[in-house]
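Participant: Handing you this structure, nothing more for now.
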């Protein structure tokens with residue numbers, strides 16, 4: 007082996023070792039970040055005996071990630087439904103609660119039926135009027151609650167749309183970085199992590215379906 011060949015072999019091995027150390031340092035730094043995947047330095051031994059870095063990849067499971075996205079979307083949807091039902095309950099209250107609109111309508115119905123059997127009874131007539139007033143107050147309060155909830159819902163929807171648009175813009179930027187890096191053969195593992203994290207945030211707002219194309223390109 008010539009001196010030049012020996013030097014090149016040693017230099018290549020040192021660069022490979024440096025890359026491995028750098029990758030390990032990145033893994034340690036990202037240990038507390040749930041969005042960071044473990045990076046793996048893939049190496050090979052060439053004909054001259056030197057070690058070279060083939061690429062840096064991630065320890066990840068694409069199928070598991072897709073299932074996680076689906077589960078995140080489903081969970082977010084169920085939470086939204088639960089919240090909506092809870093808000094709707096505020097408009098009618100508990101039917102067993104005498105102060106709820108439903109209970110007040112029941113009282114009015116009973117008062118009307120009782121008064122129908124004794125139309126000359128002024129006490130029963132007064133009870134009907136009182137029950138009608140109470141029912142009207144309850145219904146007006148329920149209507150006001152519905153209007154408030156609608157306004158709140160409209161505001162939350164507008165905020166969610168704005169957030170999704172912002173996340174989509176971030177996703178596009180990271181996806182472009184991934185595609186360009188993949189085409190040039192550079193390390194794109196950090197960009198992939200960031201892109202996955204953004205997709206997870208989008209999945210919390212809406213259902214997400216992705217299609218993977220060449221050079222790690224993803225279409226949402």
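In the numbering used here, the protein residues as written are 7 to 226.
Where is the CB? At the ideal position from N, CA and C, for every residue including glycine.
From residue 49 to residue 25, what does the alpha carbon distance come to, in whole angstroms?
Facilitator: For the purposes of this step, residue 49 is taken as residue 43 along the chain shown, with counting starting at 1. For the purposes of this step, residue 25 is taken as residue 19 along the chain shown, with counting starting at 1. The straight-line gap from Cα to Cα measures roughly 10 Å.
Participant: Looking at the secondary structure, which residues open and close the beta strand (DSSP E) in which residue 61 lies?
Facilitator: In the chain shown, counting from the first residue as 1, residue 61 sits at position 55. Element bounds for residue 61: 57 to 65.
Participant: Counting beta carbon pairs with one atom in the segment 176 to 187 and one in the segment 39 to 47, are three or more of them shorter than 8 Å?
Facilitator: no
Participant: Mind the definition here: the segment 156 to 175 touches the segment 194 to 210 only if three or more C-beta pairs lie below 8 Å; say whether that holds.
Facilitator: Yes, they touch.
Participant: Just checking my contact of residue 214 with residue 75 at CB under 8 Å: how many whole Å lie between their CB atoms?
Facilitator: Taking the first residue of the chain shown as position 1, residue 214 is located at position 208. Taking the first residue of the chain shown as position 1, residue 75 is located at position 69. Contact holds; Cβ gap of about 5 Å.
Participant: State whether the segment 148 to 165 contacts the segment 184 to 201, with contact taken as three or more CB pairs (one from each stretch) at a distance under 8 Å.
Facilitator: no
Participant: Locate the alpha helix (DSSP H) running through residue 48, then write down its first and last residues.
Facilitator: As a working mapping, residue 48 is identified with position 42 in the chain shown. Counting along the chain, residue 48 falls outside any alpha helix (DSSP H), though it belongs to the beta strand (DSSP E) covering 44 to 51.
Participant: Going by DSSP, which residues form a beta bridge with residue 218?
Facilitator: Translated into positions along the chain shown, residue 218 becomes position 212. The partner list for residue 218 (beta bridge, DSSP) reads 224.
Participant: Would you please state the rounded distance, in angstroms, between the beta carbons of residue 22 and residue 64? I believe it to be under 8 Å.
Facilitator: Locating residue 22 in the chain shown gives position 16, counting from the first residue. Locating residue 64 in the chain shown gives position 58, counting from the first residue. About 19 Å separates the beta carbons of residue 22 and residue 64, which is beyond the 8 Å limit, so they are not a contact pair.
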